[in-house]
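Trainee: Residue numbers (this note's numbering): 33 to 1245.
We treat Cβ as the ideally placed atom computed from N, Cα and C, and that holds for glycine.
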């Protein structure tokens, strides 16, 4: 296969080097930068004259750059740069593009005037061998909504470098309207930013991103030239790892005409005001569904016209070309702008871009756009602070559990933020266009976007509305949609307004185009012609537009009043266009492979990919690059170049016309998709082998569609074996391709069969579900076709994952009945248990799958390995306990009907009975059923805990009441002698305490240790339980076997509220237990200062045990000494000097040695000595008073109070 000129250096260049303005001259950057630095350091005097300095610098760099270019092309004359779109720079014309790159490099260096002059001097002439091609194959000129949000549009920069051609004579215009995209349009569609099936986007990829390169680049430690984008990358705001999809609806004009629709928009607003979750707009092809959606996007926060970011240009006076007639006109009403202001996300389903039709990518893209909407800034902040919620929205999680990702990642956070007032907008709108397009990519299992929205629409918040579009003829194929219906067809209730809008469009085109006027009848018949054309259109703006284009270019002339020359359908228009473009069969055969390849592709292709695909169909006579460009040029206007350098058909109806025809229509120009699929197969096999798993799936899809060996006479090997051999030879790992994450959760059965024939291992171990084998994965997902396929190719039914779960266990857990029957028929052992000891029957019963339970019981149980398997009787008893634990009454009743099952039997794993485990889990209905069916209400588990005790312990009031009504013994105790009332007091369940006391429970009963219910409540600090028991007459000073009363236990626990309640109710403050400890001593021992202070305020006495317990606890010592100081001061003021002196002396004796005292203790000791000295002097003991004052001076020589106290003592002497 020949290589085009721009591909000779390197077949695939990286996207960064393709799009970086200086990425193609990395090798020459160092000399250029050094020359610039030398020039700047040597031009200090020129700094005083900015204008002259700029001209000097510019002249110097131009000369250096020209010299460098001559040197470069003298050495590398055959190496030319290119982009993915096929732009080839001739060797003889490098000057203009190099000069443009030079201006971009010097953007911050040169003055404004120089930059403006440089920008204005850019050449508008073609600089590539695709000049004529690009002039007719119009590229989309739409702006990225992300760029609009961030204030810098990469699309505008891209558009500024390429002047759009005004030559659109041979083009067909899409009535879809303005295109918008959600990610950088210059990214490749196979990159992570577009969530391609082969590039899964994981949060770990962002966690592992290194920042050291950015810092070193900024500090100058990186060798070689430094890209300014990298140098300042660390200053960019942190972005969430959510990337919206790249949408671009192909069109040839920047601003296509949009007329009317005011009545339709009014009806949409009325529908959104209702209680339904949104509105579903239906219409025939070309009625303007996508055009309306694009207008809403364009005027939303994602579009160019939001808040003056795009200014509508006035209509030009010259109307010579078809483009200038209507592309500058803006007739959008204020009503559309108002509705667009509520748009917070949008999605365009495109049949020729399969990633836009997949549910996981849809969820991920919608979440990313919601984060970008200014109305939902709180949602973005929430995801930044809640990484576990953000993890739900990764592409992988969206594929594994799309329902959970939608609910937990989007709907629940939005509803929660609205409840707390962080989202204040009255209404938010999500746009989804082309649900019918997604139906063309319906997966073998799972939802399409339409069915997914139908299931989840009612769960959305009432303020979040959906606006959806679908074709009329596809409406019956779609699932029932809970949306208000609105039709754009002429047969609808709005036909009059729609016809008026269509007639306004036709009249405007006719009135503003001299070419149209010259090719139609004039006078009053002109108006009748417009009305006739509006009638033929049947509401299709596309039909009217294409017909007027044909008249404008002179291909149709309607001079007679019969109007028979006018086409009557889109099919006739397309046929007429092809007849004009390809008058002979040979001319059509030249471009037929190009059309077939583009039709067969799963995603839009670049020019190089198309070129290699059609050339791969040849074995000898290859098409040259120039010849290919000439052929591709004849398709200008039919294939539209997008901003990512890929090509799409201009309208879905045209794409469908190429593939299939309605009954009675001509089959001329009908394309054979097999040819296109074959071209892609050969390209992948020859140029990209060995293929990774994702590419392998793509190869399998195209290989089956191509059916290359069809109609061949094969003597030895059948075609399927040859296809399998083909895949095996070009695939890197065929087994890994079967178990790619996308094929696991949305499997392609036919491609998987081909891979199995190619030698894929049916027992391949994946990294999902604990390194589960492929059979376990598909059994867990309930994919019967894939399970049957793996079993057909010899997959083992005994393989397990890391938790020991077999495929049968996983299928029974999820309730996949058909998979269970498949595995049992294949010989899967029924009694095999996982690492927890549970078999498939137990898992099915635990998860409430009665049909699986009954089927497994009816099977013949054969025990092959007693160490890993359980017999049926033991499994039935375990299943009964498992079903009772989860409240599955039907399964419990079903199992109790079996003779092998005992209602009081114990589970060999947990030791529980069905009644105890149901009471423990709060299943009151199961408890009633079991007792009714003969279960012993007093039966206990292996820990001797009855059902009533377990229900009381877990706080299940309903279960407790039901068991008491069924005459459960209220005083039945456990091994420790704890009654249900004690258990309730221990856990603090006040309501259950009241219920048990009402049923006659003994409030003062003691357990084996002598603890009563009140004692247990005090031990656990249950204040409300203490209050309740005291109110119901519990004995407050009842001692246990160790002599402790409830106040002792409360002091040890340390709850001051419980202690206060007991003291207020008359608890003995000075009670002494058998160890001689009082409540105060226990509080000091446990270091509960608030409790100690409560006791001291109540007048607790300080005994020897008190000081012994306080030893080594400085904080407690300070509290006790302060209490003695306060008591002594009070007695001193009451003139009870003897008692006060005793307090002071007692406290001084309790101080630690003076050398070990800190500042707090030293100050406290000084206070005691001074107060004691004053007290002694008033007691007429001046000698003692003087001695105490002298001790103060020894400790603090500059103490004025001590001098004064000693002087007063000496006077008294």
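Buried or exposed for residue 651, going by 16 or more other Cβ atoms inside 10 Å?
Mentor: Its Cβ having fewer than 16 others within 10 Å, residue 651 is exposed.
Trainee: Between which two residues does the beta strand (DSSP E) carrying residue 831 extend?
Mentor: That residue, residue 831, is in no beta strand (DSSP E); it is neither H nor E in DSSP.
Trainee: Alpha carbon to alpha carbon, how far is residue 1108 from residue 1180? Give it in angstroms, no decimals.
Mentor: C-alpha separation (whole angstroms): 25 Å.
Trainee: Just to confirm, is the Cβ distance from residue 1036 to residue 1047 under 8 Å?
Mentor: Cβ atoms of residue 1036 and residue 1047: not closer than 8 Å.
Trainee: Which of helix, strand or coil does DSSP assign to residue 1050?
Mentor: Three-state DSSP puts residue 1050 in a helix.
Trainee: So, under 8 Å CB-CB, residue 913 and residue 939 are touching, yes? Tell me the CB distance rounded to an integer number of Å.
Mentor: About 4 Å separates the two Cβ atoms, so the contact holds.
Trainee: I'd like the span of the alpha helix (DSSP H) that includes residue 562, first residue to last.
Mentor: Unbroken alpha helix (DSSP H) run through residue 562: 556–569.
Trainee: For the beta strand (DSSP E) containing residue 519, name the first residue and the last one.
Mentor: 516–519 is the extent of the beta strand (DSSP E) around residue 519.
Trainee: Going straight from the alpha carbon of residue 1227 to that of residue 1064, what length do you get?
Mentor: Cα to Cα, residue 1227 sits roughly 58 Å from residue 1064.
Trainee: Give the range of the beta strand (DSSP E) segment to which residue 940 is assigned.
Mentor: Here residue 940 belongs to no beta strand (DSSP E), and DSSP marks it neither H nor E.
Trainee: For the ligand HEM, I want to know if residue 1195 counts as a neighbour, meaning its beta carbon is within less than 7 Å of at least one of the ligand's heavy atoms.
Mentor: The ligand HEM is not among the ligands present in this structure, which contains no ligands whatsoever.
Trainee: Residue 780 and residue 803 - do their beta-carbons sit closer together than 8 Å?
Mentor: No, they are not a contact pair.
Trainee: My understanding is that residue 15 touches residue 709, with C-beta atoms under 8 Å, so please give their C-beta distance in whole angstroms.
Mentor: Because the chain is modelled from 33 through 1245, residue 15 falls outside the range shown and cannot be assessed.
Trainee: Please work out which residues of its chain come closer than 7 Å, Cβ to Cβ, to residue 144, disregarding the five sequence neighbours upstream and downstream, and give them in chain order.
Mentor: Because residue 144 carries a pLDDT of 38, less than 50, the predicted location of this residue cannot be relied on, and the following value inherits that uncertainty. Around residue 144: no qualifying Cβ.
Trainee: Could you tell me which residues DSSP pairs with residue 723 in its beta bridges?
Mentor: Its beta-bridge partners are 763.
Trainee: Going straight from the alpha carbon of residue 1102 to that of residue 1207, what length do you get?
Mentor: Near 30 Å, if we compare the C-alpha coordinates of residue 1207 and residue 1102.
Trainee: How about the region 305–316 and the region 445–454: do they share at least three Cβ pairs that are nearer than 8 Å?
Mentor: Result no; under three Cβ-Cβ pairs closer than 8 Å.
Trainee: Kindly indicate which residue of 1019, 1040 and 993 has the alpha-carbon position closest to the one of residue 1031.
Mentor: The shortest C-alpha separation from residue 1031 is found at 993.
Trainee: State buried or exposed for residue 300, treating a residue as buried only when at least 16 other CB atoms are found within 10 Å of its CB.
Mentor: The residue is buried, with at least 16 neighbouring Cβ atoms inside 10 Å.
Trainee: Could you give the residue range of the alpha helix (DSSP H) that holds residue 1200?
Mentor: Looking at the DSSP string, the run of the alpha helix (DSSP H) that includes residue 1200 is 1191–1210.
Trainee: Less than 6 Å between C-beta atoms, sequence neighbours within five positions excluded: which residues of the same chain meet that for residue 1066?
Mentor: Only 1035 and 1046 meet the Cβ criterion.
Trainee: Once you ignore the five residues that flank residue 237 on each side, which residues in its own chain have a CB closer than 7 Å to its CB?
Mentor: Below a pLDDT of 50, predicted positions are generally treated as unreliable, and residue 237, at 39, falls in that range; the measurement from the model is reported next regardless. Nothing meets the Cβ criterion.
Trainee: On the criterion of 16 or more Cβ atoms from any shown chain inside 10 Å, does residue 560 qualify as buried, or is it exposed?
Mentor: Counting Cβ neighbours within 10 Å, residue 560 comes out exposed, since fewer than 16 surround it.
Trainee: Quick one: measure Cβ to Cβ for residue 515 and residue 308, integer angstroms, because I've assumed they're closer than 8 Å.
Mentor: Yes, residue 515 and residue 308 are in contact; Cβ-Cβ is about 6 Å, under 8 Å.
Trainee: Quick check on DSSP: helix, strand or coil for residue 901?
Mentor: Residue 901 falls in the strand class under three-state DSSP.
Trainee: Using the C-alpha atoms, what's the distance from residue 671 back to residue 585?
Mentor: Near 20 Å, if we compare the C-alpha coordinates of residue 671 and residue 585.
Trainee: Please report the distance separating the alpha-carbon of residue 715 from that of residue 644.
Mentor: Using only the alpha carbons, I get a separation of about 6 Å.
Trainee: On the premise that residue 589 lies in contact with residue 600, defined as a C-beta separation below 8 Å, what is that separation, rounded to the nearest angstrom?
Mentor: Going by Cβ atoms, the distance from residue 600 to residue 589 rounds to 17 Å, so no, they are not a contact pair.
Trainee: What's the gap between the Cα of residue 813 and the Cα of residue 775?
Mentor: Approximately 11 Å, taken between the alpha carbons.
Trainee: In this structure, does DSSP put residue 1030 in helix, strand or coil?
Mentor: In the structure shown, residue 1030 sits in a helix (DSSP, three-state: H, G or I).
Trainee: Quick check on residue 490: does DSSP put it in helix, strand or coil?
Mentor: Helix, per DSSP.
Trainee: Name the DSSP bridge partner or partners of residue 549?
Mentor: According to DSSP, residue 549 bridges with nothing at all.
Trainee: Looking only at its chain, what residues have a beta carbon closer than 6 Å to the beta carbon of residue 1021, apart from the 5 residues adjacent to it on each side?
Mentor: 987.
Trainee: Check whether the Cβ atoms of residue 580 and residue 632 lie closer than 8 Å to each other.
Mentor: In this structure, residue 632 does not lie closer than 8 Å to residue 580 by Cβ.
Trainee: For the alpha helix (DSSP H) holding residue 1117, just list the boundary residues, first then last.
Mentor: Note, residue 1117: alpha helix (DSSP H), 1111–1117.
Trainee: Can you check DSSP and say which residues form a bridge with residue 497?
Mentor: Paired residues: 461.
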